[in-house]
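Here's the structure we're looking at; comments come further down.
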Amino acid sequence: MKLRNVALLTALVASSVSLHAQTWRTIDASRQVHDTGAIAAHIDYAAGKLDLRPATGSALYHVTTRYDADQTDPVTRFDTASRVLSLGVHLRSMHMSGGDHEDDAGSMLAELNSAVPMDLSLDLGAVEADLQLGGLHLTDLSLRSGAADVTARFNQPNRGTLRTMTLQVGAAQVKLMDVANAGVSRIVAEVGAGSLSIDLGGTLARDVDITATLAVGGLTLNVSPDEGVFVDERSFLGGFEKAGFTKKADGWYSTNYDAAAHHVRVHLHAFAGGMTLTGMQK
Amino acid sequence: MRILHARAAMFNMVGMALIAAVGIVSRATSLAAQQSPARITVDSLAKALAGLHESSDSASIPAASSFAFGDSTIAAGRHTAGPVAIADGALHVRGTIDGDAVTYNGDIVVHQGGAIHGNAFAVLGKVILDGGVVSGDTRSLTGDLRRVGTGIGAAGQSRASITAHSLALSAGWLAVLVVVGIGVLIFASTNLDAVSDAIERGFGKAFLAGIATQLALAPALALLCVGLALTILGALLIPFAIVAYILAAAGLVTLGYLAIARIAGRSVLGDSDSSDGARRAAALRSMVYGLLLLMLPWFVAGGLTWSPTLELIARMVAVSITWVAATAGLGAAVVSRGGVRRATTPHAQASLNTASWATPTPVAGVTAARRPTPYTTGAPK
Chain U
11 MKLRNVALLT
21 ALVASSVSLH
31 AQTWRTIDAS
41 RQVHDTGAIA
51 AHIDYAAGKL
61 DLRPATGSAL
71 YHVTTRYDAD
81 QTDPVTRFDT
91 ASRVLSLGVH
101 LRSMHMSGGD
111 HEDDAGSMLA
121 ELNSAVPMDL
131 SLDLGAVEAD
141 LQLGGLHLTD
151 LSLRSGAADV
161 TARFNQPNRG
171 TLRTMTLQVG
181 AAQVKLMDVA
191 NAGVSRIVAE
201 VGAGSLSIDL
211 GGTLARDVDI
221 TATLAVGGLT
231 LNVSPDEGVF
241 VDERSFLGGF
251 EKAGFTKKAD
261 GWYSTNYDAA
271 AHHVRVHLHA
281 FAGGMTLTGM
291 QK
Chain A
299 MRILHARAAM
309 FNMVGMALIA
319 AVGIVSRATS
329 LAAQQSPARI
339 TVDSLAKALA
349 GLHESSDSAS
359 IPAASSFAFG
369 DSTIAAGRHT
379 AGPVAIADGA
389 LHVRGTIDGD
399 AVTYNGDIVV
409 HQGGAIHGNA
419 FAVLGKVILD
429 GGVVSGDTRS
439 LTGDLRRVGT
449 GIGAAGQSRA
459 SITAHSLALS
469 AGWLAVLVVV
479 GIGVLIFAST
489 NLDAVSDAIE
499 RGFGKAFLAG
509 IATQLALAPA
519 LALLCVGLAL
529 TILGALLIPF
539 AIVAYILAAA
549 GLVTLGYLAI
559 ARIAGRSVLG
569 DSDSSDGARR
579 AAALRSMVYG
589 LLLLMLPWFV
599 AGGLTWSPTL
609 ELIARMVAVS
619 ITWVAATAGL
629 GAAVVSRGGV
639 RRATTPHAQA
649 SLNTASWATP
659 TPVAGVTAAR
669 RPTPYTTGAP
679 K
């Protein structure tokens with residue numbers, strides 16, 4: 011009887027299978043640098059594999075996108091008037107091609123000029139992204155990810171000063187490495203049900219203020235033992251492990267806070283999510 | 299030995315079906331590949347450009363009538379107003395283009411001293427900056443584009459690819475149905491028998507039951523959801539119930555369709571009253587033949603892409619046959635409760651009405667038989 015049920019279930023699943031044609035195209039787009047005025051770069055990538063790195067040549071941008079023309083539209087546009095660069099792939103319909111195999115998924119390799127100051131914003135859907143942000147001249151960074159698996163690295167110092175890094179994590183897994191090299195002074199993080207990991211490795215040049223709002227997701231913050239940490243916690247069910255901290259009037263201080271050359275100040279708003287601090291001196 | 303023969307026949311049948319499917323697809327594909335692109339004409343270029351989606355990237359491509367054909371050079375020191383559009387050849391820019399440059403099936407080469415004051419877009423080609431300047435964006439588009447040749451060739455190739463796709467789709471569905479049918483024959487043959495019986499007893503009744511079921515599917519689902527929503531636990535189960543309901547409906551349709559296919563095949567091949575193994579082989583053979591028969595209109599429609607009118611008629615016939623088969627099959631599956639309730643034929647009912655059920659001994663009596671006793675010659679001990 012069980013075998014019969016299995017067979018019937020197999021029949022159901024197999025009968026629902028439909029064949030779908032795909033039209034794979036590759037567009038290679040670039041633009042020469044004519045001046046080094048600041049730009050705003052938007053990368054909006056719905057699904058596939060994304061690689062981002064500094065450009066090696068003299069191009070303002072160079073992007074190679076492999077996409078399914080039946081389902082998606084590539085976007086490569088630079089508005090000279092507003093100095094806005096738009097790159098990415100837009101979904102035309104919700105029917106996505108299977109991404110289980112490497113050959114079946116779209117991909118985008120984007121290279122951005124490292125001499126041009128830019129506000130960079132990334133809006134990523136179901137994307138596997140490897141972002142080499144070190145070496146760029148970033149003045150502002152915004153990363154919004156739905157169900158992405160993102161690794162962003164600052165393995166080289168940022169050429170400019172990053173005013174704000176805004177991170178919105180839905181159900182994604184986002185990992186930022188060597189963030190101290192970004193020269194950032196303010197990080198705003200909102201985590202829904204995903205996980206966000208911020209590694210403040212590299213060379214920290216200034217104090218960093220982090221405002222983290224956690225719904226049910228988690229934040230892992232890795233700091234250097236030389237840095238003093240302050241946490242202002244407002245949590246409901248979540249929170250953070252307070253071992254190694256001393257409670258004062260306005261929050262929790264690490265033991266080396268007063269002696270540390272640079273400080274990391276965390277303003278934590280956690281509903282059911284939790285923050286984990288690693289690497290700090292206890 | 300007979301079982302071995304039956305199994306061999308089963309494998310042969312499945313193998314033949316799959317080989318036929320693969321053969322059809324590969325034949326159609328090779329036909330498409332044999333259409334080698336020739337020189338591009340304005341008409342074929344227009345068709346090719348129309349094949350490009352009107353995305354922001356391809357919006358700047360001028361009309362086919364604006365294209366010049368063959369290699370072209372903008373000489374050094376010369377200023378030309380854009381857009382400059384070249385098909386089936388390379389565009390060498392040594393002077394200046396005030397506007398966009400577009401090529402189809404050719405490269406754009408911007409040499410030293412050359413300049414394009416606009417965008418450079420090479421479809422099925424590359425933009426090569428050989429010391430020149432492009433003030434706008436450079437784009438090159440490659441990949442699965444509709445290649446163009448001469449007028450007849452272009453249309454023929456396009457039709458060939460459409461035909462190949464249609465036939466491949468039909469072959470794919472046939473292969474899926476054969477695989478599903480084998481699974482059902484192996485694991486749920488009694489259910490299939492019961493559904494087949496229900497169809498054979500009364501096709502009209504099954505068809506009407508199928509229509510009634512189709513009409514009742516949505517209201518029944520709505521009622522189910524409303525009923526579940528009355529309790530908190532039930533409300534939580536609504537998404538699962540919807541999925542299960544859809545799966546159950548699809549399963550009934552599939553079971554019924556396979557039963558129809560088997561009956562159709564049996565009507566062609568006839569019955570087999572041999573051993574169990576041979577019966578199974580015959581059942582599989584019937585099903586495969588039946589599926590081929592039911593899918594035949596789809597193959598015919600796929601092969602008629604050269605004539606839109608005939609293709610439309612063939613597709614309408616195919617849809618009608620498929621719908622009737624699926625509806626009758628669904629109705630039979632519902633009547634037989636998914637093949638769980640076995641048919642009670644009038645003959646069987648009549649035999650049940652006799653008094654024969656009342657006693658294990660037939661009322662006509664049993665012929666007496668002498669009890670066999672061992673024959674001994676020796677004296678009893």
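So the protein sequences, as listed, match chains U and A. Add 10 to a position in the first sequence, counting from 1, and you land on the number used in the working numbering. Add 298 to a position in the second sequence, counting from 1, and you land on the number used in the working numbering. Ideal Cβ placement from N, Cα and C applies to all residues, glycine included.
Cutting at 7 Å between CB atoms, please list the residues of its own chain near residue i, excluding the five before and the five after it.
i: Arg-102 of chain U; result: Gln-81, Thr-82, Asp-83
i: Ala-379 of chain A; result: Asp-396, Gly-397
i: Thr-174 of chain U; result: Asp-150, Arg-196, Val-198
If I measure Cβ to Cβ from residue i and keep anything under 6 Å in the same chain, skipping five residues before and after, which residues do I get?
i: Asp-61 of chain U; result: Leu-119, Asp-140
i: Gln-178 of chain U; result: Arg-154, Glu-200
i: Val-421 of chain A; result: Tyr-402, Leu-439
i: Leu-608 of chain A; result: Leu-602
i: Gly-627 of chain A; result: Gly-554, Tyr-555, Ala-557, Ile-558
i: Asp-50 of chain U; result: First, the amino acid is wrong: residue 50 of chain U is Ala here, not Asp. For Ala-50 of chain U, where only same-chain residues beyond five positions count, the Cβ hits under 6 Å are Val-94, Asp-129.
i: Pro-127 of chain U; result: Ala-48, His-147, Thr-149, Gly-170
i: Gly-508 of chain A; result: Thr-625, Ala-626, Leu-628, Gly-629
i: Ser-207 of chain U; result: Lys-185, Thr-230
i: Gly-412 of chain A; result: Val-391, Arg-392, Gly-430
Just checking: is the beta-carbon of residue i within a distance shorter than 8 Å of some beta-carbon in chain A?
i: Ser-40 of chain U; result: yes
i: Arg-93 of chain U; result: no
i: Phe-281 of chain U; result: no
i: Arg-35 of chain U; result: yes
i: Phe-88 of chain U; result: yes
My assumption, with CB atoms under 8 Å, is that residue i sits in contact with residue j. Please give the rounded CB distance.
i: Val-189 of chain U; j: Asp-217 of chain U; result: Not really, about 14 Å apart at Cβ, beyond 8 Å.
i: Ala-3 of chain U; j: Ala-57 of chain U; result: Any property of residue 3 of chain U remains undetermined from this structure, which presents chain U solely from 11 to 292.
i: Gly-47 of chain U; j: Arg-93 of chain U; result: 6 Å
i: Phe-365 of chain A; j: Leu-343 of chain A; result: 6 Å
i: Pro-253 of chain A; j: Ala-616 of chain A; result: The structure shown does not extend to residue 253 of chain A, since chain A is modelled only from 299 to 679, so the question has no answer here.
i: Val-425 of chain A; j: Ile-406 of chain A; result: 5 Å
i: Gly-588 of chain A; j: Gly-563 of chain A; result: 3 Å
i: Leu-536 of chain A; j: Leu-528 of chain A; result: It is worth fixing the name first, because residue 536 of chain A is Ile in this sequence and not Leu. With 8 Å as the limit, Ile-536 of chain A and Leu-528 of chain A do not qualify as a contact, their Cβ atoms being about 11 Å apart.
i: Ser-117 of chain U; j: Ala-65 of chain U; result: Between Ala-65 of chain U and Ser-117 of chain U the Cβ distance is about 18 Å, and since that is not below 8 Å, they are no contact.
i: Val-408 of chain A; j: Asp-428 of chain A; result: 6 Å
i: Phe-246 of chain U; j: Phe-281 of chain U; result: 5 Å
i: Leu-122 of chain U; j: Tyr-55 of chain U; result: Incorrect: roughly 14 Å between the Cβ atoms, too far for contact.
Based on DSSP bridge pairs, tell me the residues matched to residue i.
i: Phe-255 of chain U; result: U:Ser-264
i: His-147 of chain U; result: Bridge partners of His-147 of chain U: none, in fact.
i: Gly-554 of chain A; result: DSSP lists no partner for Gly-554 of chain A.
i: Ser-468 of chain A; result: None, per the DSSP bridge assignment.
i: Gly-283 of chain U; result: In DSSP, Gly-283 of chain U forms no bridge with anything.
i: Arg-76 of chain U; result: U:Thr-36, U:Ser-117
i: Ala-222 of chain U; result: U:Ala-199, U:Leu-278
i: Phe-88 of chain U; result: U:Leu-95
i: Ala-399 of chain A; result: A:Val-382, A:Ala-418
Would you say residue i faces chain U, with C-beta separation under 8 Å as the test?
i: Thr-461 of chain A; result: no
i: Gln-455 of chain A; result: Below a pLDDT of 50, predicted positions are generally treated as unreliable, and Gln-455 of chain A, at 49, falls in that range; the measurement from the model is reported next regardless. No, no contact with chain U.
i: Arg-437 of chain A; result: yes
i: Gly-588 of chain A; result: no
i: Leu-519 of chain A; result: no
i: Leu-515 of chain A; result: no
i: Val-432 of chain A; result: yes
So for residue i, helix, strand or coil by DSSP?
i: Ile-384 of chain A; result: strand
i: Ala-50 of chain U; result: strand
i: Trp-621 of chain A; result: helix
i: Arg-169 of chain U; result: coil
i: Lys-424 of chain A; result: coil
i: Asn-191 of chain U; result: helix
i: Phe-419 of chain A; result: strand
i: Arg-154 of chain U; result: strand
i: Pro-64 of chain U; result: strand
i: Asn-232 of chain U; result: strand
i: Ile-372 of chain A; result: strand
i: Leu-628 of chain A; result: helix
i: Leu-70 of chain U; result: strand
i: Thr-394 of chain A; result: strand
Excluding the five sequence neighbours on either side, which residues of its own chain have a C-beta within less than 8 Å of the C-beta of residue i, listed in chain order?
i: Gly-238 of chain U; result: Tyr-263, Ser-264, Asn-266, Tyr-267, Asp-268, Ala-269, Ala-270, His-272, His-273, Val-274
i: Gly-261 of chain U; result: Phe-240, Val-241, Asp-242, Glu-243
i: Val-638 of chain A; result: Asn-489, Ala-492
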